[in-house]
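*Asks:* First the structure, then my questions, so here it is.
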Amino acid sequence: MKKVFFLLVTFMSVIPAMADEGMWLPALIGQRIGDMQAKGFRLTAEDVYSVNQASLKDAVVLFGGGCTGELVSNEGLLLTNHHCGYSYIQRHSSVEHDYLKDGFWAMNRGEELPNKGLTVSFLDHMDEVTELVLKGYEPGMTEAQRDSVVKVNSDRLVRESTDASKGLRADVEALFYGNQYYLFVFKVFRDVRLVGAPPSSIGKFGGDTDNWMWPRHTGDFSIFRVYADKDNNPADYSPDNVPYRPKKFFKISRAGVKEGDFTFVYGCPGSTQEYVLSDQVRYVAEQSDPAKIALRTQRLDIQKKYMSASQAVRIQYSSKNASVSNAWKKWQGEEKGIRRMHTVASKQDFERRFDEWAKGTRYEGITSELHDLYARRNPTYLAYEYYNETVRTIELLQFASGIQARLRAGNPTKDLVESFYKDYYQPIDEEIFVAMITSFGKNVPVESQPAWFREQLARYGSVQAWKDDLYGRSLFTDRAKVEALTPSDDISGDPALQLYAAFLDWYRKDIYPVIQETGAALRVANRTYMQGQMDFEPQRDFYPDANLTLRIAYGQVAGYEPYDGAYYHPVSTLKGIIEKDNPDIFDYNIPQTLRDIYARGGFENQPVCFLATNHTTGGNSGSPVINADGNLIGINFDRVWEGTMSDIAYDPEICRNISLDIRYLLFVVDQIGHASYLFDEMSFVD
Ligand code: ARG
Ligand code: ASP
């Protein structure tokens, strides 16, 4: 008996506690710290977030407008992902020095490269301001009146907290669909310089083939430095600026990770919808995702066909192909995950219990109100999504409308013309035109299609004939003609512009008003339903949907079972890179130096990436991954595709975030970049 009890206890302490769902607000971390500590965290709530002393939050930034970064030295050194720094690295690249291809390493401060427009934002503090924001609001007011109360109060709070001379920027953000409001005050630095980036064959190793997948071997990091004026305050770029001295920076742990280790991701997740009605989940999984996936499959196939036939086309379309493929792959995991988890059925079950409880309360009828609103909105919304994924993906039409807008405004068109033709391959666009216009005609209910579109289809007899005529007559297929255009030329009769304009007109008259009107009603109803869910389950810990504000996700290093009979181990190594290495496959062609280093021996077990259960989403890219002692062990950059439904429903069995092991960064900086001088300013702990 005693033995059994002992076994049970040991067993329980080995089995990881799997409830790692949640993106928590740092200011409320006091409510989570007990659970975090029970799972192995050794710091206090004040260490994580404090307004009185330096805390971990002071070492985390919103990088640009949609990624996260972290400080790792007393001299402003910052780490983020390669894919987050990509556009800046690209802008510094040219044929003579192609930093995307070859990598970039500043060998001293003087070689660091400024980046116009790039900012990093440190959270100074956050406060709940619900009462202040709703001051003056009376029950019975219309939604428009409520909006204006919220706006006036928020504007005032923002004004009071903004101080441009100190680089302070403020935002009031609605959480829980507007049941709560928080004021966020940031310090925004505007002089951020590029320090280092690995070659893309390391930083983007695996490319789109491996994107959203495990086993993963991407060295997805880049290094920047934040600069400040002499008083350590934000300033525009100036050669006189000095490295920023942060209140806090992460120490780096080289001790490594193993299954079951506590992990903590501190970053800026962009958008989730965990509390929506089952109808919306069903719409995503059964209508929206499948429709968009099918359309993108066609586009990707067409692009790939031409890309594999020509090296020049491959280069022209690699970035376009990557962006089409990123969401395409994510949606496949999302759709499958929602089905696998039976999220629609479990939400319906929840809604039945909720409705029962709601009888006689102010929440009675709210789920059927939402149900009706979605029923009214979704057919139109689906037509809108078709429009976005078909007509609006035809490059010639987008370009034509861009040129027209420039001419109308009297602005120069030269850069647009330049960038468009550089990466334009007309046979791809023509084939996509036929495929997309055909799909729109087939899949959007006839009564929802623009009448003009039906007329054209009837007139031409086939989409092919329409395409031949449009590309044959449009002046936009001829660069010289586009270059010769002046603002006084009347180009509205061009067939590309006619098509564009007809659809835009349809969108404005038939689509937008429905989306706008139901959207406003849904906002109000979802606010009520959210509050209802919180009142219905007062014992449950709710976290607000992601909205690019700073959050904490904690969990542990863990593998998973992607399908029956298989188990994915949570750590990948350099050995796996060598296994994938293939000079004939672009995504897997590694630098020769890496092959040589490996061949010399000693690096077989060099860790590269690891999996954990942290609940993350887009925007968490670049986030610090922290161990039980608050030290840096990795940089988050992706999730496994089987778990991407975590934006709607988190499954602890299968939702995994993918991080770069910090030791691989150190290896690449040293062995590939020969920039180990950077280690002098970092602090290491083991
Ligand atoms: N899937 C990751 C994210 O959503 C990484 C995307 C960049 N990498 C790529 N191969 N396209 O941002
Ligand atoms: N790759 C995403 C990003 O760039 C992260 C994710 O979706 O998990 O933020």
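In this text, residue positions in the sequence shown follow this note's numbering: the first is 231, and each later residue adds one.
By construction, the Cβ of each residue, glycine as well, lies at the ideal position given by its N, Cα and C atoms.
Confirm, please, whether the CB-CB distance from Val456 to Phe419 is below 8 Å.
*Replies:* Yes. Within cutoff.
*Asks:* Among Val402, Asp531, Ala755, Gly849, which one has its Cα closest to the Cα of Thr310?
*Replies:* For Thr310, the nearest C-alpha among the options comes from Gly849.
*Asks:* Tell me the residue span of the beta strand (DSSP E) that contains His355.
*Replies:* First-last of the beta strand (DSSP E) with His355: 350–358.
*Asks:* Buried or exposed for Val382, going by 16 or more other Cβ atoms inside 10 Å?
*Replies:* That one is exposed.
*Asks:* Who's in the neighbourhood of ligand 1, going by beta-carbon under 7 Å from any heavy atom, listed in chain order?
*Replies:* Spelled out in chain order, the answer is His313, Lys434, Gly437, Asp438, Asn441, Trp442, Ala552, Ser555, Asn556, Lys560, Gly848, Ser851, Phe867, Asp868.
*Asks:* Is Cys839 near ligand 2, with its Cβ less than 7 Å from a heavy atom?
*Replies:* No.
*Asks:* Quick one: Cα of Asp459 to Cα of Tyr467, how far?
*Replies:* In a straight line, the C-alpha of Asp459 is about 9 Å away from that of Tyr467.
*Asks:* Name the DSSP beta bridge partners of Gln410, please?
*Replies:* DSSP lists Leu405 as partners of Gln410.
*Asks:* Can you tell me whether Phe656 is buried or exposed? The criterion is at least 16 other CB atoms within 10 Å of its CB, across all chains shown.
*Replies:* According to the sequence provided, residue 656 is Gln. The question's Phe does not apply to it. Per the 10 Å Cβ criterion, exposed.
*Asks:* Straight-line CA distance for Gly306 to Gln517?
*Replies:* Computed Cα separation, rounded: 47 Å.
*Asks:* Measuring CB to CB, does Val324 end up less than 8 Å from Phe479?
*Replies:* Before going on, a small fix: residue 324 reads as Ser here, not Val. No, the Cβ-Cβ distance between Ser324 and Phe479 is not below 8 Å.
*Asks:* Ignoring anything shorter than 4 residues or poking outside the stretch 493–562, list the alpha helix (DSSP H) runs there in chain order.
*Replies:* Counting only runs of 4 or more, we get 508–512, 519–539.
*Asks:* Give the DSSP-derived three-state secondary structure of Arg420 in the structure shown.
*Replies:* The answer is coil: DSSP assigns Arg420 none of H, G, I, E or B.
*Asks:* Suppose only complete runs of 3+ residues qualify. What are the beta strand (DSSP E) ranges in the stretch 824–864, listed by chain order?
*Replies:* Whole beta strand (DSSP E) segments, 3+ residues: 837–842, 854–856.
*Asks:* In whole angstroms, give me the CA-to-CA distance for Phe909 and Asp891.
*Replies:* Each residue's alpha carbon lies about 16 Å from the other.
*Asks:* Along the chain, where does the beta strand (DSSP E) containing Cys885 start, and where does it finish?
*Replies:* Segment: none, Cys885 is in no beta strand (DSSP E) and carries neither H nor E.
*Asks:* Going by alpha carbons, who is nearest to Ile827 out of Gln901, Asn812, Glu767, Tyr759?
*Replies:* Nearest C-alpha to Ile827: Gln901.
*Asks:* Which first and last residues belong to the beta strand (DSSP E) in which Phe454 is found?
*Replies:* Start and end: 452–458.
*Asks:* For the beta strand (DSSP E) that Tyr784 lies in, which residues bound it at each end?
*Replies:* Unbroken beta strand (DSSP E) run through Tyr784: 781–786.
*Asks:* Here's a check: name, in chain order, each residue in its chain whose Cβ is nearer than 7 Å to the Cβ of Tyr329, leaving out the five neighbours to either side.
*Replies:* Closer than 7 Å at Cβ, skipping near neighbours: Ile319, His322, Ser323, Ala427.
*Asks:* Within the present structure, is the beta-carbon of Cys297 separated from the nearest heavy atom of ligand 2 by less than 7 Å?
*Replies:* Checking the Cβ of Cys297 against ligand 2 gives yes.
*Asks:* With hydrogens ignored, establish whether the beta-carbon of Asn887 is closer than 7 Å to any heavy atom of ligand 2.
*Replies:* Correct: Asn887 has its Cβ closer than 7 Å to ligand 2.
*Asks:* In chain order, what residues of the same chain have a beta carbon less than 7 Å from the beta carbon of Leu238, not counting five sequence neighbours either side?
*Replies:* With a pLDDT of 42 at Leu238, under the threshold of 50, the predicted position of this residue should be treated as unreliable, and no value is reported.
*Asks:* Are the beta-carbon atoms of Met666 and Leu525 separated by less than 8 Å?
*Replies:* Contact flag set, yes.
*Asks:* Nearest-angstrom Cα distance between Gly270 and Asp491?
*Replies:* Distance between the alpha carbons of Gly270 and Asp491 is about 8 Å.
*Asks:* Return the residue from the list Lys434, Tyr496, Asp354 that minimises the CA-CA distance to His313.
*Replies:* It is Lys434 whose Cα lies nearest to the Cα of His313.
*Asks:* Would you decide whether Met537 is buried or exposed? Buried here means 16 or more other CB atoms lie within 10 Å of its CB.
*Replies:* So Met537 ends up on the buried side.
*Asks:* Let me check you understand the geometry: is the CB of Thr310 closer than 7 Å to at least one non-hydrogen atom of ligand 2?
*Replies:* No, since every heavy atom of ligand 2 falls outside the 7 Å radius drawn around the Cβ of Thr310.
*Asks:* In the structure shown, what three-state DSSP assignment does Asn463 receive?
*Replies:* Note: Asn463 maps to coil in three-state DSSP.
*Asks:* Determine, using beta carbons only, whether Ile432 and Pro813 come nearer to each other than 8 Å.
*Replies:* No. Outside cutoff.
*Asks:* Taking the C-alpha atoms as reference points, what is the distance between Phe352 and Gly370?
*Replies:* Approximately 39 Å, taken between the alpha carbons.
*Asks:* Taking 7 Å as the cut-off, is the C-beta of Thr846 nearer than that to any heavy atom in ligand 2?
*Replies:* Because some heavy atom of ligand 2 lies under 7 Å away, the Cβ of Thr846 counts as near it: yes.
*Asks:* For the beta strand (DSSP E) that Val801 lies in, which residues bound it at each end?
*Replies:* Looking at the DSSP string, the run of the beta strand (DSSP E) that includes Val801 is 801–803.
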